[in-house]
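J.: Dropping the structure in here first, questions after.
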Amino acid sequence: MYTPTELKEKITKVIAVNLGNGFFSIEAVMGAGENIILLPKSKRTPIAVQLFSKRANGNCDNDSYGKFFTYAKSIKNTMYPSEHLKSYLVEI
Numbered sequence: 008m009y010t011p012t013e014l015k016e017k018i019t020k021v022i023a024v025n026l027g028n029g030f031f032s033i034e035a036v037m038g039a040g041e042n043i044i045l046l047p048k049s050k051r052t053p054i055a056v057q058l059f060s061k062r063a064n065g066n067c068d069n070d071s072y073g074k075f076f077t078y079a080k081s082i083k084n085t086m087y088p089s090e091h092l093k094s095y096l097v098e099i
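For the sequence shown, this note's numbering begins at 8 and goes up steadily by one.
As structure tokens, then:
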């Protein structure tokens with residue numbers, strides 16, 4: 008499993024994958040072409056995701072990468088500024 012710092016260095020973009028029936032999966036595309044799932048199923052597609060150095064999302068399992076991310080309406084960070092590593096726009 009990647010650390011938050013490794014994620015910051017290796018993520019090239021974040022995408023929303025259409026699962027059908029109005030649902031999306033939010034995935035990070037890594038430099039080697041590997042996709043990791045940040046949010047497996049959502050009715051809403053965020054505009055941006057924000058990466059933090061510590062757990063920032065209590066709704067995700069401990070073994071999920073999603074625990075290091077929050078989902079937002081903009082790339083501007085308003086939560087945990089001292090722990091914020093990077094923001095990514097979500098590509099649809």
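Glycine included, C-beta positions come from ideal geometry on N, C-alpha and C.
Here's the rule: buried if 16 or more other CB atoms are within 10 angstroms of the residue's CB, otherwise exposed. What is Thr77?
T.: It counts as buried.
J.: Taking 7 Å as the CB-CB limit, is Ile33 close to chain D?
T.: In the displayed structure, chain D is absent; only one protein chain is listed.
J.: CB-CB under 8 Å to Glu98, same chain, minus the five flanking residues each way: which ones, in chain order?
T.: Once the five neighbours on either side are set aside, the close Cβ partners of Glu98 are Lys20, Val21, Ile22, Ala23.
J.: Give me the residue from Gly27, Glu90, Thr52, Asn66 with the minimum Cα distance to Ile33.
T.: When only C-alpha atoms are compared, the closest one is Thr52.
J.: What three-state label does DSSP hand Lys83 in the structure shown?
T.: Looking at Lys83 - three-state DSSP - the assignment turns out to be coil, as it is neither helix nor strand.
J.: Along the alpha helix (DSSP H) that carries Pro88, what are the first and last residues, could you check?
T.: Per DSSP, Pro88 belongs to no alpha helix (DSSP H) and is neither H nor E.
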